[in-house]
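Have a look at the structure below before the remarks.
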Amino acid sequence: HLEVLGERNSYSKTDPDATFMRMKEDAMKNGQTKPGYNLQTGTENQFIIDFRLFPNPTDTLTLIPFFHSFQHRYNRLPGIGVADSGYGSEENYRFMQENGIEAFVKYNYFHKEQRPRYTPNPFHAESLHYNAGEDYYVCTMGQHMNRIGTRRDKTASGYITESARYKAQRCEGCPLRGSCFKAQGNRIIEVNHRLNQYKRQARERLLSEEGIRHRGRRCIEPEAVFGQMKYNMAYRRFRHVGEDKVTMDFAFFAIAFNIKKMCARLRKAGKEFITLAKSIFIGLFITRYNGNIATCYQMNEKKAA
Ligand code: SF4
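Written out as structure tokens, the structure reads:
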């Protein structure tokens, strides 16, 4: 039993490779879990360029293995990565930076920050003044918060995050004490400087002209592919059992999907090229496609097994 379970919290007795997870389709509206796979796809111009199945329901840990899968398939990493806020972790930002992938990946508060009426909480650590030269924060009342140490945490993938800890000198009797924090003693804040730096870079990119264009395309790229798959083609469930068979199941679907998409594109461009293109396209799949793909889009969907 434990051997089959591996690092997962659950598995299905019908399909031991499938893990119980919450689905987007929740007919009972009670957050019921069902056995399934976390399907990640990369798309470009609405063509499926890569996919991989994961047993973990959260997206954060799937990005790096997905990039490795992409590299294995095309012998290179994509130059640009566009993904939603579910992928915006320190580990993922770092991987992309170290591997030369231009990251247009949102972080958890990005949308909130962009609202016209958004006013930052003046007591929040990110709103406080930071003196980088002498490494201290200045709290809302003007007190110095000095560095008292570093906290290290390990993520589920084994990545170590470091947060610097700063402590106020005397909070007793402060008129802002009630609004500032609720714990006892003097206020302590923890700041992950590296993650904040990645977030600043991500914000700059996302708000640039190119970033706005990529964000605009993200909703018509993978979302359109999943829309066509699930609602136009009614492909909501895998028809096989076991990860290898489910992989085969989706691989055939992806080939058919791409051929259909290419025919539709060519029909628009001119009918005489369709026959020629079909044979070239099938040939490309057989001989392993190594085209010049610059953009990789990730998104996730959980599909019932
Ligand atoms: S409660 Fe402490 S940390 Fe908060 S504003 Fe007052 S002195 Fe500064």
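Here the sequence shown stands for residues 1 to 305, numbered as in the UniProt record's numbering.
Using N, Cα and C, we set each Cβ at its ideal position, and we do this for glycine too.
Source: prediction; values computed, not measured.
Just the C-alpha distance for residue 155 and residue 95, rounded to the nearest angstrom, thanks. For residue 155 and residue 95, the gap between their C-alpha atoms comes out near 15 Å.
Report the three-state DSSP secondary structure of residue 84 (helix, strand or coil). coil
Cross-strand partners of residue 163 (DSSP beta bridge): 151
Would you check whether ligand 1 has a heavy atom nearer than 7 Å to the C-beta of residue 202? no
Count the other C-beta atoms from every protein chain shown that fall within 10 angstroms of the C-beta of residue 42, then say buried if there are 16 or more, exposed otherwise. When all chains shown are included, residue 42 counts as buried.
Mind the definition here: the segment 14–29 touches the segment 124–140 only if three or more C-beta pairs lie below 8 Å; say whether that holds. no
Closer than 6 Å to ligand 1: residues, by C-beta to nearest heavy atom, in chain order: 139, 140, 141, 143, 168, 171, 174, 176, 177, 180 and 187
Tell me whether the segment 211–222 and the segment 169–187 touch, counting them as touching only if at least three CB pairs, one residue from each stretch, are closer than 8 Å. no
Have a look at 152, 222, 160 and 97 and flag the residue whose alpha-carbon is nearest the alpha-carbon of residue 199. Taking only the C-alpha atoms, the option nearest residue 199 is 97.
Reduced DSSP category for residue 235 - H, G, I as helix; E, B as strand; rest coil: coil
Among the residues of its own chain, which have a CB less than 7 Å from the CB of residue 89, if the five just before and after it don't count? 60
Rounded to whole angstroms, how far is the Cβ of residue 46 from the Cβ of residue 224, which I believe are closer than 8 Å? Correct: roughly 6 Å between the Cβ atoms.
Starting from residue 137 and walking both ways along the beta strand (DSSP E), at which residues does that stretch end? Unbroken beta strand (DSSP E) run through residue 137: 136–138.
For residue 47, the residue or residues it bridges with in DSSP: 44
Under the rule that 16 or more other beta-carbon atoms within 10 Å means buried, what is residue 220, buried or exposed? exposed
Where does residue 52 sit, in a helix, a strand or coil, going by DSSP? Of the three classes helix, strand and coil, the one that applies to residue 52 here is strand, per DSSP.
With distances taken Cα to Cα, identify the nearest neighbour of residue 40 among 70, 159 and 117. Selected option, being the one with the closest Cα: 70.
Selected residue, minimal CA-CA separation from residue 177, among 56, 193 and 139: 139
Does the separation of the CB atoms of residue 168 and residue 143 fall below 8 Å? yes
Just the C-alpha distance for residue 132 and residue 108, rounded to the nearest angstrom, thanks. Those two C-alpha atoms are separated by around 25 Å.
6 Å Cβ shell around residue 1 - same chain, five flanking residues per side excluded: none
Residues near residue 10 by beta carbon distance below 7 Å, same chain, minus five either side: 19 and 20
Put residue 221 into one of helix, strand or coil per three-state DSSP. coil
Just the Cα atoms here: how many angstroms apart are residue 8 and residue 54? 11 Å
Throw me the rounded Cβ distance for the residue 51 and residue 81 pair, which I believe falls under 8 Å. About 16 Å separates the two Cβ atoms, so there is no contact after all.
Secondary structure at residue 2, three-state DSSP: helix, strand or coil? helix
How many whole angstroms separate the CB atoms of residue 38 and residue 65, which I take to be in contact at a CB cut-off of 8 Å? Taking C-beta atoms under 8 Å as the contact rule, residue 38 and residue 65 fail to qualify, at a distance of about 11 Å.
Quick one: residues in its chain with C-beta nearer than 8 Å to the C-beta of residue 249, no 5 flanking neighbours on either side, listed in chain order? 238, 239 and 240.
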